[in-house]
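So that you can map any letter, position 791 of the sequence shown is 791 in the working numbering, and since no number is skipped, the others follow by simple counting. Report on the following structure.
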Amino acid sequence: MKLARASASLQLQLISSVLSSELNHANYQNIDTLFNQWAKANESIVELRLVSANGFKIADYVRPAADKHILELQADISYSYREEASVLIRMSLDSVYQSQQKFVAQFAGIFFAFSVLVSFLLYFIIQSGKEASKARRITRLYNALSEINQAIVRMEQEAQLFPLVCRCAVEFGGMSMAFVARVDEKTNLFYPSASYGNGCDFLDGIVISPLADVPEGNGPIGIAYRENRSVIVNDYHSDPVTMPWRDRASDNGWHSAATFPIQRSGQPFAVLSVYHAMAGAFDEEAIALLDEMSRDISFSLDNFDREAQRKTAEKSLELAASIYENSSEGMMITDADNLIIAVNPAFTRITGYDLGEVVGKKPSVLKSGYHDTDFFQSMWNEINSGGKWTGEIWDRRKNGEIYPKWLTINTIFSSEGKVHHRIALFTDISQKKESEEQIWQQANFDHLTGLPNSRMFHDRLKQEMKKSHRTALPLAVMFLDLDHFKEVNDTLGHAKGDILLKEAAQRLLGCVRESDTVARFGGDEFVLILSEIGDTDSVERINECILDKLSAPFQLGAESVYVSVSIGVTIYPSDATEIEALLRNADQAMYAAKNAGRNRYSYYTQAMQSVAQNRMSLSNDLHNALEGGQLSLVFQPIVNLETGFIRKAEALLRWQHPTRGFVSPAEFIPIAEQSGLIIKIGDWVFRQAALLAKHWQAIDGKDVQISINKSPVQFRNDNNIQLTWFDHLHELGLSGNSIVVEITEGLLMEGSDATVKRKLLAFRDKGVQVALDDFGTGYSSLSYLKIFDIDYIKIDQSFVRNLAPDASDLALCEAMIMMAHKLGIKVIAEGVETPEQRDLLIAAGCDFGQGYLFSKPLSAKDFESFLQKTRTCYSVASGNINAGSGSLQSP
């Protein structure tokens, strides 16, 4: 009996151990099977029962039997977390009481059955240990997946995702280390975007490639990335794909790894790689969970993208709504029947209509009547064929005002391809039109007179020439230049000059037909086109009308001003067939009129072209004249009329052309001024005059004063060359008094110009005397004579030429001499050719005389000889001046 009880207790312990394992794994359905197997293996078992702590029957086995001797044993079982149950076993002992003879055999049978049962139970215990380890790993992976999914739901920042995944894989999933790798676009190698766990130094300097043609690209990460599949390595140290990284893994004690692709929008984006210390750590269940984890990560990335797209769409809708409400462009939406269903505030602001006044109406409510039926037919043809139209259209505002707008119509089609809506966007371009008109006006018309400018003139002349060619009727081009207009500007100011120009423009318009063109080229230059002239008499009549109208006085405030006009006329096509040639011809004819005395007209002739060509040739030759030694100076003595003493001379420029011979200064000086060569030539004249003055003073031992003429062009444009003149005089040891600068009255009138004023005053400050040449022929302001300390005035020879005792010219000369002396200015009379002129000038108190009576202009050598002959001061009264010889004689 003791043996039977001990055997039953042992069986109960084994059964309790097996049941505890099954309960921990919740394998309740297996327990009934186990009860049947145990009862079958041991026929002495009458009943097996498993009951929970609260009395719930989990499983039982009962074998009906009439046995009299029953052994009942019970044991408690603890499982899971604070869960308890009890197991009951009842065994029959009738066999124990059978005959002794059967004991050995009975015992042997029982022992055999017990051995089988023990073996069976040991198998289940071992298997249960493995299952428990696996269950722990799977449970931890479930926990990691659960943590990741919960975090994904709460996560707002994409940057948090990969670090979280790595941390959860290690802390909750039981991995040794986890990292997420991405491809660097610059190096085309993987880099760790996030990592967590022990052994992250595994990643330091690691080289992993996404390319299949290098060893580093044929590992788990490269394959998973390229082929979009998981790569499982359950024996890291023997799998060939891990060869490049085995040493790193061995240093960290890892024996298995798994890599899973992470996609974004269906494209490879990253890989998740996890490492475990146990070999074979990744079975099918673990792989499935990790694979699901990688898909959840991809879903999260796509969700971030969708959220970003949603926010972008929301912003776009908000922006669209804001634009619709706040746009400066008018917007109108119509339905498929072209009825207005919505307008924005800009529509109301531009048209004056609010939504309530136009909703349900056709856009034709804005129609102005400006466009014809063909315009709208063309517009709708384009809309119906292409769904869009853009262009300028004139509409009517609510207040009746017609205005231009730039309109764009777009059609929105339904999924069936039918018209769903049309959207019209338009901008009021009234101001743009006005600006364009203003720009066009400024580009084509003179802002002062309102006449066509040069650009418009050329366009009109081109059209008139085409018309003339068709009709075979000639046209005339007339070039007009106002005479003495500069003097008006200089004396009365530019504001009064502008008034005169505007009045002159109106007078010109009154002399021509409406079909003719009057244009202003600038300054005081006007150009006319007389189209379709039947005979030259019509041109003559217009010429005479212009001369008459412009010679009439101009009332400029309190001042009455007289000007005249010089006109040049050329005829198309007889004189020229090109625009530039016509203008050149008219310009040459106009200058011919000026040279003939102004206030007249002149027709172009071929001779004028020859003159122009000659002028151009001279201009070209003049560029080489100075370097070629063709220019020289001659000196005309200036005589002290009281004493006959000569200490002054005027330096005059001469040009000896190698083929033309002597070229008159009146011919080449204007060319030099126009070309700018006068600046270089004038500087040469000064330096030559200064050197000769130094030379003659050294010979004579007395001061010799040389006068040089300085062009207005030099004053305006010599780039301060004048300042070097003072240094040159200093280097030569000459005083400023050795040189006299002769200027014109016109330049003096420019004294208000800062540059001219500064340079004139600089001469005064350096002791260089200034003479006013050709005095009496232009406009002079006496105040300027004092302001600039003018030292001499030179009476023009036109006043000296006709001097006689009772002549008006004598009165003028006397007045000029008296005025100059009152202002402390010396007087030089030019063009003295007779003793009578000399005597009248002496009687009038004139200081100096210059002219052929005393000497013609002399070369430097001859002037030097002339000075030596006249070292002694001769008395004028003794009659020692011989007019016939034109030179001074010794007593």
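All C-beta atoms, glycine included, are put in the ideal place defined by N, C-alpha and C.
N-terminal and C-terminal residue of the beta strand (DSSP E) that residue i is part of
i, result
"SER564", "564 to 572"
"THR411", "402 to 413"
"LEU482", "475 to 483"
"ARG600", "600 to 603"
"TRP394", "388 to 396"
"GLN850", "848 to 850"
"SER193", "190 to 197"
"TYR591", "No beta strand (DSSP E) holds TYR591; the alpha helix (DSSP H) holding it covers 579 to 595."
"MET177", "177 to 183"
"PHE260", "256 to 264"
"GLY661", "661 to 663"
"ARG229", "Unbroken run through ARG229: none, as it is neither H nor E."
"LEU272", "267 to 276"
Own chain partners of residue i with C-beta closer than 6 Å, once the 5 adjacent residues on each side are dropped
i, result
"ILE223", "VAL231"
"LEU425", "GLU329, MET331 and THR408"
"LEU355", "VAL343"
"VAL561", "VAL488 and PHE554"
"GLY280", "ASN234"
"LYS648", "ILE638 and GLN705"
"HIS484", "VAL563"
"ASP446", "ASN453 and ARG520"
Pick from the options that is closest to residue i, judged by C-alpha positions
i, options, result
"TRP254", "VAL183, VAL165, LYS549 and MET177", "MET177"
"LEU691", "ARG470, GLN636 and ILE706", "ILE706"
"VAL827", "ALA281, ILE58, LEU772 and VAL51", "LEU772"
"VAL46", "SER193, PRO573, LYS68 and ILE287", "LYS68"
"THR242", "ARG229, GLU227, GLU436 and GLU216", "GLU216"
"LEU272", "ALA336, MET175, LEU448 and GLU307", "MET175"
"ARG923", "LYS462, TYR236 and LEU547", "Outside the shown range of the chain, which is 1 to 891, sits residue 923, and nothing can be said about it."
"PHE726", "ARG764, GLN11, ARG716 and GLU578", "ARG764"
"THR570", "LEU582, GLY197 and GLN13", "LEU582"
"VAL756", "ASN720, LEU509, ALA820 and LYS766", "ASN720"
"LEU761", "ALA257, GLY776, GLU580 and TYR784", "TYR784"
"SER897", "LEU840, LYS186 and ARG182", "Past the edges of the chain, shown from 1 to 891, lies residue 897, and the structure says nothing about it."
"ARG396", "ILE412, LEU448 and SER430", "SER430"
"THR350", "THR744, PHE668 and TRP406", "A small fix is needed here, since residue 350 is Ile in this sequence, not Thr. Here the closest residue by C-alpha is TRP406."
"SER206", "ASN198, GLN463 and PRO192", "The identity of residue 206 in the sequence shown is Ile, whereas the question assumes Ser. Cα-wise, what sits closest to ILE206 is PRO192."
"ASP683", "ALA698, ASN709 and LYS418", "ASN709"
Per-residue DSSP class, three states only, for residue i
i, result
"MET91", "strand"
"VAL116", "With a pLDDT of only 47 at VAL116, under the threshold of 50, the placement of this residue in the model should not be trusted, and no figure is reported."
"GLN157", "coil"
"LEU121", "At LEU121 the pLDDT is 49, less than 50, meaning the model places this residue with poor confidence; the figure from the coordinates comes in the next sentence. If DSSP states are grouped into helix, strand and coil, LEU121 belongs with the helices."
"GLU525", "strand"
"PHE645", "coil"
"TYR324", "helix"
"SER892", "Examination of residue 892 is not possible in this model, given that the chain is present from 1 through 891 alone."
"VAL539", "helix"
"ILE825", "coil"
"GLN441", "helix"
"GLN377", "helix"
"ASP283", "coil"
"MET332", "strand"
"SER894", "With the chain covering 1 to 891 only, the question about residue 894 has no answer from this structure."
"ASN218", "coil"
"SER9", "helix"
"GLU627", "coil"
"GLN57", "A small correction: the amino acid at residue 57 is Lys; Gln does not occupy that position in the sequence shown. If DSSP states are grouped into helix, strand and coil, LYS57 belongs with the strands."
"ILE669", "helix"
Residues near residue i by beta carbon distance below 8 Å, same chain, minus five either side
i, result
"SER9", "LEU73"
Spatial neighbours of residue i in its chain, beta-carbon cut-off 7 Å, leaving aside the 5 residues before and after
i, result
"GLN127", "Caution is warranted here: a pLDDT of 47 is assigned to GLN127, below 50, making its placement in the model unreliable, and the coordinate value is therefore given only provisionally. The answer is none, since no qualifying residue turns up."
"GLN688", "LEU633"
"GLU156", "none"
Start-to-end residues for the alpha helix (DSSP H) that takes in residue i
i, result
"HIS421", "Here HIS421 belongs to no alpha helix (DSSP H); instead the beta strand (DSSP E) covers 419 to 428."
"HIS447", "No alpha helix (DSSP H) holds HIS447; DSSP gives it neither H nor E."
"VAL893", "An answer regarding residue 893 cannot be provided, because it is not within the stretch 1 to 891 covered by the chain."
"ALA504", "494 to 509"
"PRO712", "712 to 717"
"ARG49", "It is not in any alpha helix (DSSP H) - ARG49 instead sits in the beta strand (DSSP E) that spans 45 to 52."
Any C-beta of chain C under 7 Å from that of residue i
i, result
"GLU673", "Here there is only one protein chain, and chain C is not present."
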